[in-house]
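Numbered by numbering that gives the first Met the number 0, the letters in the sequence shown go through residues 0 to 202 in order. In this text, a Cβ means the ideal position worked out from N, Cα and C, and glycines have one as well. A quick note: this is a predicted structure, and the numbers were derived from the prediction, not measured.
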Amino acid sequence: MTHRKTDLRPTLSSMSYDRLGENPGGLSHHQAVLQPGTEEELTLHGYRSSPCQTFFFHLLSVLTLGSLYLVTYWRPEWRVTWTSRKCALTEAKFLILVDRDGKTHVETVHVEDVGTGFPKQYVVTPHRVGVESGATVNGASDSTHLTGASQRVMRYFLYQHVKYVWVPEKLIFLRLTGLDQNTLISSLLTDFRGFTVEEEMQR
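Laid out in structure tokens, this is it:
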């Protein structure tokens, strides 16, 4: 029996691959544009803390007698880029926002427990939640909260007193509106069934 040697190098070099946090088309999911073409247009860039970058940031701040702290006080977006790395919006802890006028803002993504009566389109279940390790949910660690199979949370950020909520099905943050906008009566009947006995006891 004879054995043929096959050179796989040309094949491997021509193979395409997807980096984590990117779609098959190669477009990164770390940014998105909200309400494009309007006065409220916002471009989001997702970041999560990097222990290594954070260590060197504080080290350089000490070596420069705190000058980096002073600089990043006035330019908080620089601190985010220096202490964090880009990531998909699904796991972002910090957001750099760029408005229509090109002004930059920094906001934190909050995670909050929700009950069974909360609209399901905004609910993030444990296997889909993308908060970083070490973050807190209502004062407790992720490992504490995500161990329960029934854990339900919502992710959101506040910008100019407006809440933007994460929608898992669309993988994007959307501005939270009232029930008077784009709400079907059928969804009210299916999503809101009143308080459970446990919820009534808590109230």
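Counting only residues of its own chain and dropping the five nearest sequence neighbours on each side, Tyr68 has a CB closer than 7 Å to the CB of Ser60. With 16 or more other CB atoms across the displayed protein chains lying within 10 angstroms of its CB, Leu94 is buried.
Using a Cβ distance threshold of 8 Å, Glu106 and Leu157 count as a contacting pair.
Counting only residues of its own chain and dropping the five nearest sequence neighbours on each side, Leu33 has a CB closer than 6 Å to the CB of Leu41.
Leaving aside the five residues that flank Val161 on each side, the residues in its chain whose CB is nearer than 8 Å to its CB run, in chain order, Arg174, Leu175. Taking 8 Å as the upper bound for CB-CB distance, Val123 and Arg154 are in contact here, some 6 Å apart. Under the 10 Å beta carbon count, Glu90 is surrounded by 16 or more other beta carbons and is classified as buried.
In this structure, DSSP gives Leu41 an extended state, which the three-state scheme calls strand. By a beta-carbon distance limit of 8 Å, Val166 contacts Gln120. Their separation comes to about 6 Å.
Per DSSP, the unbroken beta strand (DSSP E) holding Ser83 starts and ends at 83–85. Taking a 10 Å sphere around the C-beta of Thr82, we find 16 or more other C-beta atoms and assign the residue as buried. With a 10 Å radius around the Cβ and a threshold of 16 neighbouring Cβ atoms, Lys169 comes out exposed.
Within the model, the alpha-carbon separation for Glu38 versus Gly65 is close to 38 Å. Given a length threshold of 4 residues, each whole run of the alpha helix (DSSP H) inside the stretch 43–77 is given here in chain order: 50–62, 66–73. Each residue's CA atom was taken as its position, placing Val97 and Pro50 some 25 Å apart. Ranked by Cα distance from Leu43, the first of His29, Gln52, Phe55 is His29. When DSSP states are grouped into helix, strand and coil, Val108 belongs to the coil group. At the C-beta level, Arg47 and Lys92 come within 8 Å of one another. The beta carbon of Thr71 lies closer than 6 Å to those of Trp77, Arg78 in the same chain, with the five residues before and after it left out.
At least 8 Å separates the beta-carbon of Leu88 from that of Gly116. Here Phe56 is buried. Its C-beta has 16 or more other C-beta atoms within 10 Å.
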